[in-house]
Amino acid sequence: MILLFLLAALIPHQVLIATSRGQANIPVTTESGSAAVAAVLLARPLGLTVSLDGAAARVTLGDGAFDFDVGSPFFRYAGAAYPMVGAPYIARDTLFLPLHWLADYVPRLLASRYRWDPWLARLDERPAAPPPPAVAVATPNPITGLRLPHTIVVDPGHGGVDPGNPGLTLPRGITEKDITLGIGKLLRAELVRRGLNVVLTRASDTLIDLASRPLFCRVDCDLFVSIHVNSMPAGRRQKQVNGVETYFVSDAKTEDQKRVAQMENDALRFEPSRAGSGGPLGFILNDLQLNEYLRESARLAELVQGKVAAIHPGEDRGVQQGPFLVLAAARRPSILVETGFATNQKDGAFLGSTEGQRKIALAIADGIVAYLLEFERKIAGTGGGQAR
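To convert, count from 1 in the sequence shown and add 24; that's this note's numbering.
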């Protein structure tokens, strides 16, 4: 709009066109009442061509075609219609085009090729963009073989006033929040040693609310890994059930899956702003509709589960699924690792030991790296960049 007022207030007597073909001063005429230039004078400096078919005129400029109707203050370009100050007309067997088209629309619609200076009444051809530099193939990391940078968010479950499950067999004074933090710190150290970037949702005994934890994994993040300790309710199976299982977010299919999801989502009761809100089910089900990473989360869970089960003294309980609030909003491949049962004697001793925590951390790291190697091979095969 500014250009329209300028043209109405001050119409130049001529315009200067400077391109690789040379420079040319093109006179501006107002004989029809509005400023216009002769199309034939634009042919040499712009390489412009014109074809007339009755009242229809097609002006070709580079790869672009502009369609005019003589006497009509509109033109069509790439399927859209644009208004002009003035209309094209024919005088002395010459097609005249509105100055508005040359000074406003050409540099706007072909911005990569032309630039207009309204103060000098000058149209300049932009220099050709240099060819893109050759993409260097990143040297693979000598430890992992990964070629791209990756950031992992590690989420030690619970913390602060939320101890998680106290368990029946954990060493005295130790609760779930202590074990998850221990494994989380060891996992961070191992992933950093392997050249990966790592963010901990908590690095001390503090409470981070469930809905805030996934927010650590939004922009510069590839994976979200939450660490927890399982337990069984009172009953004949309480002390017998053991082993590791890895979850991704989806609808729970079994009673055990529902139990674990309810147990981990129950941390909401430690968050005053959410207490009495009716629980997270509605939030999770709505958010599941937006989660584009279920398949990748399932594959990450499969690889991590296989690595941890190989070093765990308990059973391999496989990959599971459930509506976990902590995973639902991560917007990245995300998993929750239940590292063992605090209600089982053998699992409890393993989880409570420094060696057990170290083995779990190393195994989770192995699974993460295996997933990332698959991911890099996949995007290399499609020619894509790093997907986030």
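Each residue gets a CB set at the ideal place from its N, CA and C atoms; glycine is no exception.
Only a predicted model underlies this, so the values are computations on that prediction, with no experimental measurement involved.
Exercise. By Cβ distance, which residues of its chain are closer than 7 Å to residue 326, with the 5 residues on each side in sequence left out?
Worked result: Closer than 7 Å at Cβ, skipping near neighbours: 343.
Exercise. Among 61, 366 and 367, which one has its Cα closest to the Cα of residue 122?
Worked result: Cα-wise, what sits closest to residue 122 is 61.
Problem set entry | Nonlocal neighbours in the same chain, by C-beta distance under 6 Å from residue 90, ignoring five residues either side | The answer, listed in chain order, is 83, 99 and 101.
Exercise. Between which two residues does the alpha helix (DSSP H) containing residue 371 stretch?
Worked result: Start and end: 369-376.
For this session: Excluding the 5 residues preceding and the 5 following residue 164 in the sequence, name in chain order all residues of the same chain whose CB lies nearer than 6 Å to its CB.
Result: Excluding sequence neighbours, residue 164 sits near 171.
Problem set entry | Where the beta strand (DSSP E) through residue 42 begins and ends | First-last of the beta strand (DSSP E) with residue 42: 38-43.
For this session: Go to residue 342, then tell me how far its beta strand (DSSP E) extends in each direction, as first and last residue.
Result: Here the beta strand (DSSP E) through residue 342 covers 340-346.
For this session: Whole angstroms is fine: what's the gap from residue 299's alpha carbon to residue 279's?
Result: With a pLDDT of only 44 at residue 299, under 50, the local geometry of the prediction cannot be trusted, and no value is derived from it.
Exercise. Where DSSP assigns a beta bridge to residue 140, which residues make up the other side?
Worked result: Here residue 140 is bridged, per DSSP, to 147.
Exercise. Any idea if residue 367 is buried or exposed, counting beta-carbon neighbours within 10 angstroms, 16 or more meaning buried?
Worked result: With 16 or more other CB atoms across the displayed protein chains lying within 10 angstroms of its CB, residue 367 is buried.
Exercise. Which two residues bound the contiguous beta strand (DSSP E) that contains residue 250?
Worked result: Its beta strand (DSSP E) spans residues 247-254.
Exercise. Starting from residue 204 and walking both ways along the alpha helix (DSSP H), at which residues does that stretch end?
Worked result: 200-217 is the extent of the alpha helix (DSSP H) around residue 204.
For this session: Decide if residue 216 is buried, meaning its Cβ has at least 16 other Cβ atoms within 10 Å, or exposed.
Result: Residue 216 counts as exposed, since fewer than 16 other C-beta atoms from the protein chains shown sit within 10 angstroms of its C-beta.
Exercise. Would DSSP call residue 89 helix, strand or coil?
Worked result: Look at residue 89 here: in three-state DSSP terms it is strand.
Exercise. In whole angstroms, what separates the C-alpha of residue 345 from that of residue 258?
Worked result: Here the alpha carbons of residue 258 and residue 345 stand approximately 23 Å from one another.
Problem set entry | Secondary structure of residue 394, DSSP reduced to three states | Under the three-state reduction of DSSP, residue 394 is assigned to helix.
Problem set entry | Neighbourhood of residue 361 by C-beta, 6 Å cutoff - its chain only, sequence neighbours within 5 removed | The residues are 251 and 270.
For this session: Classify residue 50 as helix, strand or coil using the three-state DSSP reduction.
Result: Three-state DSSP puts residue 50 in a strand.
For this session: Assign residue 64 to one of three DSSP states: helix, strand, or coil.
Result: Helix at residue 64.
Exercise. What residue from 223, 211, 52 and 318 has the CA that sits closest to residue 272's CA?
Worked result: Here the closest residue by C-alpha is 318.
Problem set entry | Paired residues, beta bridge with residue 100 - DSSP | Note: residue 100 is bridge-paired with 91 and 105 in the DSSP secondary-structure output.
Problem set entry | Opposing strand residues paired with residue 388 [DSSP bridges] | Partner(s): none; residue 388 has no beta bridge.
Exercise. In the structure shown, what three-state DSSP assignment does residue 310 receive?
Worked result: Confidence at residue 310 is low in this model, with a pLDDT of 47, below 50, so its placement is unreliable and the value that follows should be read with caution. Residue state, collapsed to three classes: helix.
For this session: Locate the alpha helix (DSSP H) running through residue 330, then write down its first and last residues.
Result: Counting along the chain, the unbroken alpha helix (DSSP H) around residue 330 starts and ends at 318-335.
Problem set entry | Which of helix, strand or coil DSSP assigns to residue 169 | In this structure, residue 169 counts as coil in the three-state DSSP scheme.
Exercise. Between which two residues does the beta strand (DSSP E) harbouring residue 195 extend?
Worked result: Run containing residue 195: none; DSSP gives neither H nor E here.
Problem set entry | Closest Cα partner of residue 191 within the set 94, 55 and 255 | Closest by alpha carbon: 255.
Exercise. What is the rounded straight-line gap between the Cα of residue 338 and the Cα of residue 266?
Worked result: Take the alpha-carbon of residue 338 and the one of residue 266: they are about 5 Å apart.
For this session: Would you check if the segment 392-402 and the segment 167-181 touch, i.e. whether three or more CB-CB distances between them fall below 8 Å?
Result: Output reads yes: the segment 392-402 touches the segment 167-181.
For this session: List the residues that DSSP assigns as beta-bridge partners of residue 272.
Result: Beta-bridge pairing links residue 272 to 345.
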